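Here's the structure, in structure tokens; my notes come after.
2 protein chains.
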Amino acid sequence: MTIKNEIPNCEYCFVKNDIFRHLTKDETDVLAYVKNCNTYKKGETIYSENNRVAGVYCINEGIVKHYKTGTEGKEQIIRFSKKGDIFGFRSIISGDLACTTAKVIEESTICIIPATHFIKLIKDNSGFAMSVMKLSCKELGFANKYILDIAQKNVRERLAEILLLLHTNFGVNPNNYLKISLTREELAGIVGTATESVIRLLSEFKKDKLIELDKRQIKLLDITKLKRISESY
Amino acid sequence: MTIKNEIPNCEYCFVKNDIFRHLTKDETDVLAYVKNCNTYKKGETIYSENNRVAGVYCINEGIVKHYKTGTEGKEQIIRFSKKGDIFGFRSIISGDLACTTAKVIEESTICIIPATHFIKLIKDNSGFAMSVMKLSCKELGFANKYILDIAQKNVRERLAEILLLLHTNFGVNPNNYLKISLTREELAGIVGTATESVIRLLSEFKKDKLIELDKRQIKLLDITKLKRISESY
DNA sequence: CGGGCAGTTGACCCCGCTCAAGCGCGGTGG
DNA sequence: CCACCGCGCTTGAGCGGGGTCAACTGCCCG
Chain Y
1 MTIKNEIPNC
11 EYCFVKNDIF
21 RHLTKDETDV
31 LAYVKNCNTY
41 KKGETIYSEN
51 NRVAGVYCIN
61 EGIVKHYKTG
71 TEGKEQIIRF
81 SKKGDIFGFR
91 SIISGDLACT
101 TAKVIEESTI
111 CIIPATHFIK
121 LIKDNSGFAM
131 SVMKLSCKEL
141 GFANKYILDI
151 AQKNVRERLA
161 EILLLLHTNF
171 GVNPNNYLKI
181 SLTREELAGI
191 VGTATESVIR
201 LLSEFKKDKL
211 IELDKRQIKL
221 LDITKLKRIS
231 ESY
Chain H
234 MTIKNEIPNC
244 EYCFVKNDIF
254 RHLTKDETDV
264 LAYVKNCNTY
274 KKGETIYSEN
284 NRVAGVYCIN
294 EGIVKHYKTG
304 TEGKEQIIRF
314 SKKGDIFGFR
324 SIISGDLACT
334 TAKVIEESTI
344 CIIPATHFIK
354 LIKDNSGFAM
364 SVMKLSCKEL
374 GFANKYILDI
384 AQKNVRERLA
394 EILLLLHTNF
404 GVNPNNYLKI
414 SLTREELAGI
424 VGTATESVIR
434 LLSEFKKDKL
444 IELDKRQIKL
454 LDITKLKRIS
464 ESY
């Protein structure tokens, strides 16, 4: 982790998350003053499960994975954060320790808002509070949906769903391959299955012309069919 | 659903959830005035998945289950609410439709705070807002944990865990049986498995003297061992 | 008395996990 | 520069957890 010399300016920050639009000019200025900014290399851990979280993180650039570690040491990826997303607020607000580990999977520039200041903003600015609340409620909605999926869909259906999710959340490169690049093991960690199962299913999808594979890159060829699979028709 | 004639008085309501302690006397009075109160019989649906939610519900008495319905029509129970709990706020705050169905499993008396009034309280009272936020963040923490469990634990481990959870959340009757009474199918709907699997495992637990069964009633005999099972030792 | 639902048990079998072996590639050290 | 190592990926074999289907029971209620 390196401390950035040119810190993104909050007022003009182009990735500005919706929640910050509720801040007054003054509040934005103070925020820009009290916040910190670091860059992280791929593989660096921002915070670990069951540890205290320093503050609320706001991604200026890069991708972060959030995962829990199971009894056998297997990672279960809960979600990703990307440019413009904030994270770490669950722990700050609930007062609990981190319930996930946050690890950088693509070189990132991330600003840190000290916990106390974040709480102060919530107390002072009800619009800000409201949109943080919205965020956590949206996340809760996703989590509930994922519980249903893991409990009732089979691995094939879930993998198709995850591919579509990665597609809509991260988009594609000019060559039409998914922008996010994950190891097979990480894919397995999202879907909640064994690495070998992901590999077998990916090559099956490839055989069925649903996707194209080039090393770690994935291109979705038939979104309609993938959707149908993910909805277990 | 019947409209109650004697409405619980908010000011002296003994089940008062923490979040309401932040309200001023005036706010409490207004709340008591604008809220509504109904009783629901076992099996009644308060609201359904993908429908608009009328307001935020506060349970004065009874138990409510929250579930999502899978593609095959199978219920996945996400959580329960009991005396003193509030629910429905996720949908009100995020502005989405309900992501679960709320159904009464034990005759309930439930107050309803109109959505607009609930939002107003959040805007006006930052302490109130903060504790609603805490609530949703806590729920998010539980949901994340459950994703890990369903993804990585086997059915036996999950069932043991759920039994312990029901024990701590609902407690026991004087006869030491769990206070909450669920059908085998509902148990399966929590654990995320088939009804037959729950039945087989329950009788296995019984054989191993971990629990005692009497119809729908369950008594935990060896909490230590159940814990060990749930943690996959 | 009969219908229906919750619960139970047995039989069967398939999905997906585990283990093992082999491959390709990039990095490192001699 | 090459040899080696290790990691990520791939494929095959095998098997067991748990899902499905079917049949039966007991109980509640009309």
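Protein sequences appear in the order of chains Y and H.
First residue of the first sequence? That's 1 in this note's numbering, and the numbers climb one at a time after it.
First residue of the second sequence? That's 234 in this note's numbering, and the numbers climb one at a time after it.
Backbone N, C-alpha and C define an ideal beta-carbon position, used for all residues, glycine too.
Quantities reported herein were computed from a predicted structural model and do not represent experimental measurements.
Exercise. DSSP three-state call for Leu23/Y: helix, strand or coil?
Worked result: coil
For this session: Take every Cβ of the stretch 97–104 of chain Y, pair it with every Cβ of the stretch 39–54 of chain Y, and state whether three or more of those distances are shorter than 8 Å.
Result: yes
Exercise. CA-CA distance, Ser327/H and Ile86/Y?
Worked result: 17 Å
Problem set entry | 7 Å Cβ cut-off: residues of chain H touching Arg90/Y | Cys370, Leu373 and Gly374
Problem set entry | Any 3 or more C-beta pairs closer than 8 Å across the stretch 32–46 of chain Y and the stretch 148–164 of chain Y | no
Exercise. Beta strand (DSSP E) containing Ser314/H: first to last residue?
Worked result: Glu308 to Lys315
Problem set entry | Cβ-based burial, Leu121/Y [other Cβ within 10 Å; buried from 16] | buried
Problem set entry | Beta-carbon proximity of Glu294/H to Thr342/H, cut-off 8 Å | yes
For this session: List the residues of chain Y that Ile380/H touches, going by C-beta distances under 9 Å, in chain order.
Result: Lys68, Gln76, Ile78, Ala143, Tyr146, Ile147, Ile150 and Gly192
Exercise. Apart from the five residues just before and just after Ile78/Y, which ones in its own chain have a Cβ nearer than 7 Å to its Cβ?
Worked result: His66, Tyr67, Lys68 and Thr100
Problem set entry | Check: Glu282/H C-beta below 7 Å from any heavy atom of the ligand ZN | What this structure holds is no ligand at all, so the ligand ZN is not there to describe.
Exercise. Can the beta-carbon of Phe80/Y be found less than 8 Å from the beta-carbon of Asn176/Y?
Worked result: no
For this session: Can you give me, in chain order, the residues of the stretch 265–281 of chain H that have a beta carbon less than 7 Å from any beta carbon in chain Y?
Result: none
Problem set entry | Below-8 Å beta-carbon distance, Asp18/Y vs any chain H residue | no
For this session: Consider the Cβ of Glu244/H: report whether some Cβ of chain Y lies at a distance smaller than 8 Å.
Result: no
For this session: With 8 Å as the threshold, decide whether the Cβ of Ile122/Y is near any Cβ in chain H.
Result: yes
Problem set entry | Rounded separation between Ile202/Y and Thr426/H - CA only | The sequence shown places Leu at residue 202/Y, not Ile. Distance between the alpha carbons of Leu202/Y and Thr426/H is about 26 Å.
Problem set entry | Beta carbon proximity, Ser414/H to chain Y, threshold 8 Å | no
Exercise. Is the distance from the Cβ of Lys268/H to the Cβ of Ile292/H below 8 Å?
Worked result: no
Problem set entry | Residue of Lys440/H, Glu340/H, Leu397/H and Ala265/H minimising C-alpha distance to Thr272/H | Glu340/H
Problem set entry | Interface partners of Val30/Y on chain H, CB under 8 Å | None at all; the shortest Cβ gap to chain H is about 18 Å.
Exercise. Going along the chain, which residues of the stretch 158–179 of chain Y sit with their C-beta nearer than 9 Å to a C-beta in chain H?
Worked result: none
Exercise. Taking Cβ positions only, does Asp26/Y come closer than 8 Å to chain H?
Worked result: no
For this session: Indicate whether Gln385/H and Leu148/Y have their beta-carbon atoms separated by less than 8 Å.
Result: no
Exercise. Which term fits Leu446/H, buried or exposed, when burial requires 16 or more other beta carbons within 10 angstroms of its beta carbon?
Worked result: exposed
Exercise. With C-beta atoms as the reference, is Ile162/Y less than 8 Å away from Ile63/Y?
Worked result: no
Exercise. Between which two residues does the alpha helix (DSSP H) carrying Val365/H extend?
Worked result: Ser359 to Gln385
Problem set entry | Contacts around Asp18/Y, its chain only, beta-carbon distance under 7 Å, and the 5 residues preceding and following it disregarded | Ser131
Exercise. Any residues in the stretch 315–343 of chain H with a beta carbon nearer than 9 Å to a beta carbon of chain Y? Which ones, in chain order?
Worked result: Phe322, Arg323, Ser324, Ile325, Ile326, Ser327, Gly328, Asp329, Cys332 and Thr333
Exercise. Name the chain Y residues whose beta carbon is nearer than 9 Å to that of Glu464/H?
Worked result: Thr71
Problem set entry | Length of the line joining the Cα atoms of Glu464/H and Ser430/H | 19 Å
Exercise. Excluding the five sequence neighbours on either side, which residues of its own chain have a C-beta within less than 7 Å of the C-beta of Leu443/H, listed in chain order?
Worked result: Leu454, Asp455, Lys458 and Leu459
Exercise. Mind checking whether Leu140/Y and Arg285/H have CB atoms under 8 Å apart?
Worked result: no
Problem set entry | Span separating the alpha-carbon of Phe438/H from that of Cys111/Y | 51 Å
Problem set entry | DSSP three-state assignment for Gly295/H, whether helix, strand or coil | strand
Exercise. Going by beta carbon distance, what residues of the same chain come within less than 7 Å of Ala160/Y, once the five residues before and after it are set aside?
Worked result: Leu226, Ile229 and Ser230
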